[in-house]
Structures are given as structure tokens and as C-alpha cells.
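Structure first, then comments.
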Amino acid sequence: MDYPHFFIDGAWREPKSDRRIAVECPANREIVGSCPEAVQADVDAAVSAASAALGRDDWAGTSGAERAGYIDALSDAMKSRAMDLANCAVAEIAAPISFSKGQVAMARMTLKFYAQLARDFVFEEQRKGYFGSVIVRKEPVGVVAAIVPFNGPLFAAMLKLGPALASGSTVVLKVPMETPLFSYVLAECIVAAGFPAGVINILPADREVSEYLVDHADVSMVSITGSVVAGRSVAKACGSQIKRSALELGGKSAAIVCEDADPAQIVPALANASVINSGQACAAQTRILIPQSRYEEYVAALATAYESMNMGDPANPVTELGPMIHERHFQRVKAYIQTGLDEGARLVTGGQTPAELEPGYFIQPTLLADVSNDMRVAREEIFGPVVCAIPYDDIDDAIRIANDSDMGLSGSVWTSDVEAGLEIGRRIHAGNFSINGFTMDVAAPFGGYKRSGLGRELGEEGLHDYLEFKTINLPSA
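No gaps in the numbering here: position 182 of the sequence shown is 245 in the working numbering, and each next residue is one more.
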């Protein structure tokens with residue numbers, strides 16, 4: 064998979080420099096493809112194309128229903144290329160094929176939701192005001208810089224493309240240096256869907272060039288999924304220009320295990336929720352809060368679950384866990400494990416790379432026990448398969464620990480009493496919460512409290528960030 068061009072203005076364009084990205088498969092360190100790396104001149108070309116598309120009737124003149132047709136067509140094109148998209152994730156992320164197929168399905172589901180919303184949403188309405196009648200219009204925000212992460216770039220891209228396209232905005236999609244190859248299949252799907260030129264433009268770029276995109280005067284909004292550090296940088300840049308930003312950032316989510324829960328029933332799903340995508344997931348339930356009275360029982364059950372997970376060849380349908388994305392991140396996660404031990408945590412299981420999986424960047428699911436919530440491993444996002452088992456005294460103590468975090472993206476409770484679980488959910492300071500599971504629904508808003516972000520993705524609420532609201536006051540009779 065070696066690509067020579069960028070997708071800009073509806074066509075394959077020559078890059079402005081000879082810089083290239085070699086994409087390494089983290090499962091075996093082999094080079095699986097390459098593509099050009101964007102420079103500032105490429106950003107200028109992409110933003111110019113997106114700006115021009117905003118002013119042309121073939122996009123600016125479309126109704127919500129017409130835009131829905133394009134969005135549906137993109138979803139359908141992705142369906143026909145579903146295995147190609149999934150295999151890209153297997154190659155460049157080394158995500159298990161089962162997980163990768165699920166990401167394609169969720170991406171398509173997101174597009175279908177926003178296609179229907181574009182049909183149903185009222186983009187212009189007349190209201191009776193205090194002083195007469197007014198017309199309220201919801202118009203596109205403009206050119207959107209959409210920045211997506213390495214860990215699930217296709218799904219993350221649709222979380223931004225879906226509402227941006229439904230609104231009538233245009234997009235420059237900045238894809239990660241680690242995982243750019245999927246975007247070439249996506250671009251072919253965009254062509255197949257028949258989008259007007261310039262509506263969607265795609266560039267892989269490093270941090271410096273990404274910052275140039277964020278700062279670009281013709282970009283009206285920046286939507287990023289990334290770390291708290293990256294989000295803070297984007298927010299600062301956008302704030303200096305009074306430019307809109309939507310930030311979906313990190314998490315340190317807590318799963319509360321209640322006294323009445325049955326380990327045999329909940330541990331398999333709970334273990335999976337804590338190390339989904341090998342922990343490279345912002346909403347992974349990486350703090351597991353366990354009642355003191357059942358602490359060792361659950362620690363043992365979780366250890367057994369982690370030790371039974373299949374790690375290895377991402378193309379094998381039985382594989383559940385893949386590697387870290389690259390060596391730098393691999394070393395970072397290993398360092399966090401050592402930090403936890405230095406702080407007094409007990410290593411129950413994991414933390415090593417199986418000899419048969421070298422030289423891949425694999426780390427076994429790692430369970431740390433005897434963790435207190437003030438330890439770094441309990442407070443900082445590790446973004447790897449490292450889980451902290453934290454004891455609590457009573458349910459009020461569990462809620463206090465869960466809320467004692469700088470982040471508030473997700474959370475869960477595991478109980479035989481759904482009503483009690485619902486009451487706990489109402490007290491948790493997080494944007495997404497599940498009872499006896501770990502999920503997100505494309506029809507409902509997703510996003511975080513505190514440092515986990517600003518704004519929401521998914522649901523009708525996810526569309527609002529991409530709209531400008533205009534009031535036209537009509538003359539009185």
C-alpha cells in the first residue's frame with residue numbers, strides 16, 4: 064500500500080514536497096505502506112478547496128435531504144469496501160480483525176444516523192417572538208479542521224464528518240502519521256459517493272503542520288479527538304482567534320463493582336471494557352472499584368480473565384488484543400507499570416511481552432492491586448492495558464473515588480439492582496455512563512466533563528457544534 068498523492072478538491076493531487084511517511088505494523092515492526100506527508104503548502108491547498116466548496120451551489124445550495132443523500136452514499140460505499148477498511152486497521156494499527164470490523168460498522172452507523180438527522184432536522188423555522196415574528200436559521204459553521212487519533216481513526220473521522228456534512232460545512236480531515244493508510248480507501252469511497260469537489264479533503268501531517276492547520280485564518284472550527292495535552296493546545300490556539308473548538312479528550316474512567324454483583328456474570332465483560340483495543344481507548348474502564356469485603360475475590364477473577372485473553376496476530380479472528388502503536392508508546396506504558404510498582408502497587412498479572420510475540424509492541428493485560436486513588440497510575444491516562452483495582456468501603460466512598468479525577472469521560476456500574484445503578488449513575492461526574500456494560504449509542508451525545516473535553520459528539524447534540532444560529536427579525540404587521 065504505497066500512495067503517491069493527497070486527496071484534495073475531489074481529486075488526487077501532487078504533494079508540495081517529497082516528504083513521505085513509512086507506516087510500520089506494530090505487531091511485527093514491518094513496513095506495510097507509505098504515503099506523502101503534508102507540509103504547509105498542502106494545508107493551504109486543502110483549506111482553499113474547502114473554502115471554495117462552501118461558496119458553490121453544488122454544496123452551499125443543498126438542502127438537508129440532499130446532503131443526506133451524499134452521506135448515505137458514503138456509508139454505502141464504505142459497506143462495499145468494509146473488508147478493505149478493516150484490513151487497513153489490521154495492518155497499520157494491528158487492531159484485531161474482530162475489533163476492526165466493529166469499527167467499520169460503527170462508522171457506517173454514525174453516518175446513517177446523521178443522514179437521517181439531516182433529513183429530519185429543521186434548519187429554518189419561524190417563531191412568534193415578544194415583538195413579532197422571527198426566523199431562526201441554522202447555517203454551516205464553515206471550514207472544519209477535523210483531527211483524529213491513531214487508535215480508531217475511521218470511527219473518529221465519522222464522528223466529525225457526519226455532523227459537519229449534515230450541517231453543510233466542509234472539512235479538512237487531518238489523519239494521524241501512524242495510521243494514514245485507511246484514509247486512501249476512505250477517499251475512494253468519497254469519490255464513489257459523488258461528493259462535490261472540495262467538500263472533504265484529507266491530509267496526514269505531523270504536529271507542526273497540524274498546528275498550522277489549526278491556526279489557519281480560513282478554518283472556522285477545529286474538532287479534535289486526542290489527549291488532554293493536545294486539546295489544551297488546540298483550545299489555546301482557537302481561543303486566541305475566537306475560533307470554535309470541539310474537544311474529545313482523555314479519560315480515566317471508573318467501573319464501580321457493587322456488593323451484590325456476581326463475578327461469574329460480570330467479570331468477562333468488565334475485563335474486556337477495561338482493556339478494549341489494548342487499553343488504547345479514551346473511554347476504557349481502567350479504574351475498577353471493588354468493595355473491600357470482596358476485593359481479593361474480584362482481583363483473582365479479573366486476573367484469570369486477563370490471562371485467558373488471546374493476544375497476537377491481529378488477522379486471526381480469535382485474537383482479542385493487539386500491540387501498542389509504536390515503540391515510544393510501548394516504552395511509555397512499560398514505564399507507567401514500573402511507576403505503579405514503585406508507588407506501592409502489587410503486580411497481580413501481566414506487564415510483560417510474550418517471547419513468541421517479539422519484536423511486536425505487545426504488553427500483556429496488566430492488573431495492579433493495592434492501588435490508592437492518589438497514585439499516578441490511578442490519576443493519569445496511560446492508554447495501555449494497565450488496570451488499577453482500587454478498594455472502597457461503601458457506595459458513597461466508591462462514588463467519591465470515581466469522581467476524584469481531573470477527567471470525566473466515561474464510567475460504569477456493575478450490579479444486580481438496575482435502579483440502584485441508575486441512582487449511582489446520576490451521581491457520577493462523567494459524560495457517558497453504563498449499567499452492567501460499556502457502550503455508546505450513536506443517537507445519544509458522547510463527551511466528557513472536566514478535562515475530558517468540550518462539546519459533544521453523536522446524537523442531535525453532536526450536530527449543534529457545527530451550526531451557526533441566525534435570527535432574522537421580520538417587520539411587524
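C-beta: ideal position from N, C-alpha, C; glycine also.
Inset, instruction - Indicate the three-state DSSP secondary structure (helix, strand or coil) for T460 in the structure shown. - result: Locating residue 460 in the sequence shown gives position 397, where the first residue counts as 1. Position check: residue 460 holds Asp in this sequence, whereas Thr was assumed. Three-state result, D460: helix.
Legend entry - Outcome for P243 when other beta-carbon atoms lying within 10 angstroms are tallied against a minimum of 16: Within the sequence shown, the letter at position 180 stands for residue 243. That one is buried.
Inset, instruction - Tell whether a beta-carbon distance below 8 Å holds between V411 and A364. - result: In the sequence shown, the residue the question calls residue 411 occupies position 348. In the sequence shown, the residue the question calls residue 364 occupies position 301. V411 places its beta carbon 8 Å or farther from that of A364.
Inset, instruction - With DSSP as the reference, label Q189 as helix, strand or coil. - result: Locating residue 189 in the sequence shown gives position 126, counting from the first residue. Three-state result, Q189: strand.
Inset, instruction - Return the bridge partner residues of W75 from the DSSP annotation. - result: Stepping through the sequence shown from its first residue, residue 75 is reached at position 12. DSSP output for W75 lists F70 as bridge partner(s).
Inset, instruction - Work out the CA separation of K142 and A432 for me, nearest whole Å. - result: In the sequence shown, the residue the question calls residue 432 occupies position 369. In the sequence shown, the residue the question calls residue 142 occupies position 79. Rounded to whole angstroms, A432 to K142 spans 43 Å at the Cα level.
Inset, instruction - Give the DSSP bridge partners of N264, in chain order. - result: Sequence index remark: in the sequence shown, residue 264 carries index 201 (1-based). In the DSSP output, where bridge partners are listed per residue, N264 has V235.
Inset, instruction - Return the residue from the list E444, Q189 and L217 that minimises the CA-CA distance to R514. - result: Residue 514 sits at position 451 when you count from the first residue of the sequence shown. Minimum Cα distance to R514 is reached at E444.
Inset, instruction - Quick one: which unbroken beta strand (DSSP E) runs of 3-plus residues sit fully inside the stretch 392 to 435? Chain order, please. - result: The beta strand (DSSP E) runs of length 3 or more contained entirely in the stretch 392 to 435 are, from start to end of the chain, 409 to 412 and 429 to 432.
Inset, instruction - Please classify P216: does DSSP put it in a helix, a strand, or coil? - result: By one-based count along the sequence shown, residue 216 stands at place 153. In this structure, P216 counts as helix in the three-state DSSP scheme.
Inset, instruction - Would you please verify whether the beta carbon of G488 is less than 8 Å from any beta carbon of chain D? - result: The chain labelled as chain D is not found in the depicted structure, where only one protein chain is given.
Legend entry - Cβ pair count under 8 Å reaching 3, the stretch 476 to 488 against the stretch 443 to 457: No, because fewer than three Cβ pairs between the stretch 476 to 488 and the stretch 443 to 457 fall closer than 8 Å, the two stretches do not touch.
Inset, instruction - With DSSP collapsed to three states, give me the class of M374. - result: Against the sequence shown, residue 374 aligns to sequence position 311. Residue state, collapsed to three classes: strand.
Inset, instruction - Find the nearest neighbour of F184 within the set N536, A154, G205 and S230, judged by alpha-carbon distance. - result: As a first step, residue 184 must be located in the sequence shown, where it is residue number 121. The shortest C-alpha separation from F184 is found at S230.
Legend entry - Secondary structure, beta strand (DSSP E): runs of 3+ residues fully inside the stretch 332 to 363: 350 to 354
Inset, instruction - Can you give me the Cβ contacts of P386 inside the same chain, cut-off strictly under 6 Å, excluding the 5 residues immediately before and after it? - result: The residue you call residue 386 lines up with position 323 of the sequence shown. Taken in chain order, the residues that qualify are P89, A90, A157, G423, Y424 and F425.
Inset, instruction - Could you tell me which of G525, A441, S316 and P203 sits nearest to H492, measuring between CA atoms? - result: What you label residue 492 is simply residue 429 of the sequence shown in a count that begins at 1. Among G525, A441, S316 and P203, the Cα nearest to that of H492 belongs to S316.
Legend entry - Separation of V235 from L521, as counted between CA atoms: By 1-based counting over the sequence shown, the position of residue 521 is 458. By 1-based counting over the sequence shown, the position of residue 235 is 172. The straight-line gap from Cα to Cα measures roughly 19 Å.
Legend entry - Test item: CB-CB of S283 and L517 under 8 Å: Here residue 283 corresponds to residue number 220 of the sequence shown, with the count starting at 1. Here residue 517 corresponds to residue number 454 of the sequence shown, with the count starting at 1. It is not a contact, given that the beta carbons lie outside the stated cut-off.
Inset, instruction - Flag this pair as touching only if the stretch 184 to 201 and the stretch 269 to 283 have three or more C-beta atom pairs under 8 Å; answer yes or no. - result: no
Inset, instruction - Please work out which residues of its chain come closer than 8 Å, Cβ to Cβ, to P538, disregarding the five sequence neighbours upstream and downstream, and give them in chain order. - result: Walking along the sequence shown from the start, residue 538 turns up at place 475. Around P538: G195.
Inset, instruction - With a cut-off of 8 Å on the beta carbons, I'd call A574 and I319 a contact; round off their distance for me. - result: Only positions 64 to 540 of the chain appear in this structure, which leaves residue 574 out of reach.
Legend entry - Three-state secondary structure assigned by DSSP to L517: What you label residue 517 is simply residue 454 of the sequence shown in a count that begins at 1. If DSSP states are grouped into helix, strand and coil, L517 belongs with the strands.
Legend entry - Stretch-stretch touch, CB-based, cutoff 8 Å, three pairs: the stretch 494 to 501 with the stretch 218 to 230: no
Legend entry - Where the beta strand (DSSP E) through K201 begins and ends: For the purposes of this step, residue 201 is taken as residue 138 along the sequence shown, with counting starting at 1. From DSSP, the beta strand (DSSP E) with K201 extends over S196 to P203.
Legend entry - Residue from G73, A540, L485 and I84 whose Cα sits closest to the Cα of A268: What you label residue 268 is simply residue 205 of the sequence shown in a count that begins at 1. Ranking G73, A540, L485 and I84 by Cα distance to A268 puts I84 first.
Legend entry - Neighbour-count burial assignment, N373, 16 or more Cβ in a 10 Å radius: Position 310 of the sequence shown, counting from 1, holds the residue named residue 373. Exposed is the call here.
Legend entry - Supposed contact pair I388 and E241 - C-beta distance, whole angstroms, cut 8 Å: In the sequence shown, the residue the question calls residue 241 occupies position 178. In the sequence shown, the residue the question calls residue 388 occupies position 325. Rounded, the Cβ-Cβ distance is 5 Å, consistent with contact.
Inset, instruction - Please report how far the alpha carbon of V48 lies from the alpha carbon of W75, in whole angstroms. - result: What is shown of the chain runs 64 to 540, which leaves residue 48 out entirely.
Inset, instruction - Would you mind sorting N340 into buried or exposed? The rule is 16 or more other CB atoms within 10 Å of its CB. - result: Here residue 340 refers to the residue found at position 277 of the sequence shown. So N340 counts as buried.
Legend entry - Beta-carbon spacing of G488, P508 below 8 Å: Locating residue 488 in the sequence shown gives position 425, counting from the first residue. Locating residue 508 in the sequence shown gives position 445, counting from the first residue. Taking 8 Å as the Cβ cut-off, G488 and P508 do not qualify as a contacting pair.
Inset, instruction - Using 10 angstroms around the beta-carbon of P78, count the other beta-carbons present and answer buried if the total reaches 16, otherwise exposed. - result: Translated into positions along the sequence shown, residue 78 becomes position 15. Its Cβ being crowded by 16 or more others within 10 Å, P78 is buried.
Legend entry - Same chain, Cβ closer than 6 Å to L260, five either side skipped, listed in chain order: Along the sequence shown, read from residue 1 onward, the residue named residue 260 stands at position 197. Here residue 260 turns out to be Ala, not Leu, going by the sequence shown. For A260, where only same-chain residues beyond five positions count, the Cβ hits under 6 Å are D72 and G73.
Inset, instruction - Would you kindly check if the distance between the Cβ of A324 and the Cβ of S475 is under 8 Å? - result: Along the sequence shown, one-based indexing puts residue 475 at 412. Along the sequence shown, one-based indexing puts residue 324 at 261. No; because the gap between Cβ atoms is not below 8 Å, this pair is not in contact.
Inset, instruction - Apply the 10 Å Cβ neighbour rule to F532 and answer buried if 16 or more other Cβ atoms are within range, or exposed otherwise. - result: Counting from one through the sequence shown, the residue named residue 532 turns up at place 469. F532 is exposed by the Cβ-count criterion.
Legend entry - Length of the line joining the Cα atoms of G12 and Y66: Here the chain has residues from 64 to 540 only, and residue 12 is not among them.
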